[in-house]
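In our numbering, the protein residues as written are 26 to 704. Positions of the beta carbon are idealized from the N, C-alpha and C atoms, including for glycine. Note that the coordinates shown come from a computational prediction; the quantities given were computed from them, not determined experimentally. Below: one structure, written as structure tokens.
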Amino acid sequence: MRRLVSIAICSLLWGCATPTANAAAAQTQAPAATPSKPRTDALDVETVVDLQYVSDVALSPNGKTVAYALRVPPDALDGPAGMRSVIWVVPTRGGRARSYTTPGASSHAPAWSPDGKRIAFLSRRPGTTHTQVYAVPIDGGEAEPITDPELSVRAFAWSPSGKQLAFLADRRPTKEEREAAAEGRDWQVGDVQGTSRRLWVMDLRTREAKPIGPRDTHVEQLAWAPDGKRLVVQASERADVDAVMMHSGLFTIAAEGGELTRLCPTEGKLGHVEWSPDGDRIAFLGASDIHDPTAGVLHVVPAEGGEATPLTLAYEGTGEWFHWVGKGSLLMLADQGTKTALHRVAVDGTMSGATVTTPVCHVADASDDGRTVACAGDRPDHPPEVFAGPPSGLRRLTHSNPELETKRLGERRVVRWKAADGLEIEGVLTLPVGYESGQRYPLAVLVHGGPEGISHDGWNTRGGYPTQLFATRGYVVLEPNYRGSRGRGVAFGKADHGDLGGKEFEDVLAGIDHLVAEGLVDGERVGMGGWSYGGYFSGLAATKHSKRFRAAMVGAAIIDWISFTGTSEIEQENSLVHWNLWPYEHASLAWERSPMAHTQGSTTATLVVHGMDDTRVPPGQGKELYRALRHAGTEAELVLYPREGHGLRERAHQIDFVGRWLDWFDEHVKGRATATAER
């Protein structure tokens, strides 16, 4: 089963800590029965923001237990803080879950030792700045740090024998670099630079660790060979986001150290990588070419190097994860339309045994024979929980949000319609709570980002996209998977190339027209909102297509393609896999597709939201739109959240934002003001 612990977002976005005592292991949680309580209560903002959800799963070597990380809200006394994670363990056949850490010390990315006697995880103690690998005995005992406290660890993997640990840690500054910083000589020459990560291998008996491979090469992920003598890594010459996303390669290296050996030619994005159990092959998820927006095609390559063979190039879905389940077969989890599915894929490319999973699975692990799968999965009535069992019979093992079981929720449907050019588009529709047939409702269009994101037929309500809260307020909610979304194969994912804000936006307009024609919504009461690329859509709704929309929420959005390209950390990624051209060389087209080009004459009331520390889409984009709209006489409001990047993490910020968005639409889409909270 899985031996690689991927780089986890917890340490990057929320910060992590570690258990302070063994007492946490005594905490247990009783299994919950199928909910039978009547749903009589209204869903509120605080309940949504404070929902707990599973973010990582790891199946034990014997397949009898699942370790998982549960994201929990911060303590009220924590001040500005985001979610934290706690490590739990639950039997795959169901039963009481047992915690091994406490919320006061956030921990994530659990991984079983090969003998199943310990669980390692990433954690950071309060008051420290470095994330470490800790391990705790499964039978009880105190969690102990394994790695050097002077290193900040981002990912790790047990060796197959359990005698070594490979991990990735931020490169420490040299003596010369430290002296230069102390003297104020720490200027940056050149463009965006990131902190590179080095590959280390530790002997767990002696606790001696040494870095291997070139010092200045950035390593993004790693996986062991089954004999423990080599590793395969994803590496790039630079550590900035563009270099890692677009110009990484796959290399092998001896566990004792030495040079990196390129495994195979690759272009574009890379995903999960794993060695076959017989050691003969390496499989990985990667892009079809440099212009593919996702790393969704499964490939295999001889372990000694050569040309990679794409196995799922023609598959009309997007691979998300896989695991070898024998010498010549892999189990692949994929986005497939609005669902997720598990497929058996042979090394000759034959696909069989497709199972559409009843929960939407986001992360997964599997036994080495593929008969038992564990995943973090959600359904329309609950956020991600632990599921386990055979691929065709996943069973829910955890019930982390009992308070949600009494809340009234809007009914979910998958809807399909024809775009102007005949292409079939689908989306997820949520009906208002208390829906009555024959009545026309106001419409809230919530657009996912990417554009290679996806809206699943699962639990889509969260701090940035409050779907069920809009349903509670009496809206129909449409979440469209316009062309360019993942889950429909390579060709569909590239269908918006060179035409951003063009036919893809028309796909959404056609969806609105479809709902109006069906008698579900009032076409005169429509609002649009979204984050990142979804915010870009909302910016176009507020400007170029203002006549169709009463209100917009523009979150962390691209407003001017030319200035965005020159200031974002994803200049190359955006140009290569989204535009498939350089805005600098096509300035007229880039400007025409920018919301900034269409602000004059806008009548759409626009809420502009941005994190002040956003490097993906710098906050200047939001400021540009706000000032231009105010100059045009359009009602607009700008809200900037300190300490936030490309999305909101702090609880108080999320509560304010969600309430503000709901109230904005009530006032400008419905035409009547409400008050969620004092402003």
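Query                                                                                                                            : Result
Boundaries (first-last residue) of the beta strand (DSSP E) holding Val214                                                       : Taken as a continuous stretch (DSSP letters only), Val214 belongs to no beta strand (DSSP E), as it is neither H nor E.
Residue closest to Val633, alpha-carbon to alpha-carbon, out of Arg641, Leu650, Met227                                           : Leu650
Buried or exposed by the 16-neighbour rule on C-beta atoms within 10 Å, applied to Trp137                                        : buried
Span separating the alpha-carbon of Met621 from that of Gly527                                                                   : 15 Å
Distance between beta carbons of Cys400 and Val82, contact taken as under 8 Å                                                    : 6 Å
DSSP beta-bridge partners of Gly402                                                                                              : Cys386, Glu410
At least 3 beta-carbon pairs within less than 8 Å: the segment 489 to 507 vs the segment 466 to 473                              : yes
Span of the beta strand (DSSP E), counted from its first residue to its last, around His368                                      : 364 to 371
Cα-Cα separation, Arg674 to Tyr666                                                                                               : 10 Å
Inter-residue CB distance, Pro427 and Tyr78 (contact presumed, cutoff 8 Å)                                                       : Actually they do not touch by this definition, with Cβ atoms about 14 Å apart.
Beta-carbon spacing of Gly672, Val579 below 8 Å                                                                                  : no
Contained alpha helix (DSSP H) runs [length at least 4] in the segment 111 to 187, N- to C-terminal order                        : none
Buried versus exposed, by CB contacts within 10 Å (16 or more), Arg123                                                           : buried
Between the CA atoms of Arg575 and His693 - distance to the nearest angstrom                                                     : 6 Å
Check whether Glu543 and Ser510 have beta carbons under 8 Å apart                                                                : no
Reduced DSSP category for Leu429 - H, G, I as helix; E, B as strand; rest coil                                                   : helix
His678: first and last residue of the uninterrupted alpha helix (DSSP H) it sits in                                              : 676 to 690
8 Å CB neighbourhood of Ser186 in its chain, flanking five on each side removed                                                  : Pro139, Gly253
C-alpha gap between Thr568 and Arg369, whole angstroms                                                                           : 47 Å
Straight-line Cα distance separating Leu275 from Val322                                                                          : 15 Å
Whole-angstrom distance between His570 and Phe690, CA atom to CA atom                                                            : 17 Å
Continuous alpha helix (DSSP H) stretch holding Met270: start and end                                                            : 266 to 271
Other residues of its chain near Phe562: CB distance less than 6 Å, five sequence neighbours each side excluded                  : Val472, Gly555
Residue span of the alpha helix (DSSP H) that contains Tyr561, given as start and end                                            : 558 to 567
Contacts around Ala10, its chain only, beta-carbon distance under 6 Å, and the 5 residues preceding and following it disregarded : Not covered by the structure: residue 10. The range shown for the chain is 26 to 704.
Bridge partner(s) assigned by DSSP for Arg222                                                                                    : Asp195
Cβ shell of Gly548 (< 6 Å), same chain only, five flanking positions each side left out                                          : Val541
Assigned secondary structure, Val350 (DSSP; H/G/I helix, E/B strand, else coil)                                                  : coil
Thr90 and Thr127 closer than 8 Å at C-beta                                                                                       : no
Glu461, enclosing beta strand (DSSP E) - first and last residue                                                                  : Run containing Glu461: none; DSSP gives neither H nor E here.
Closest residue to Tyr125 among Asn599, Val111, Thr383 (Cα-Cα distance)                                                          : Val111
Counted within 10 angstroms of its Cβ, other Cβ atoms place Ala194 as buried (16 or more) or exposed                             : buried
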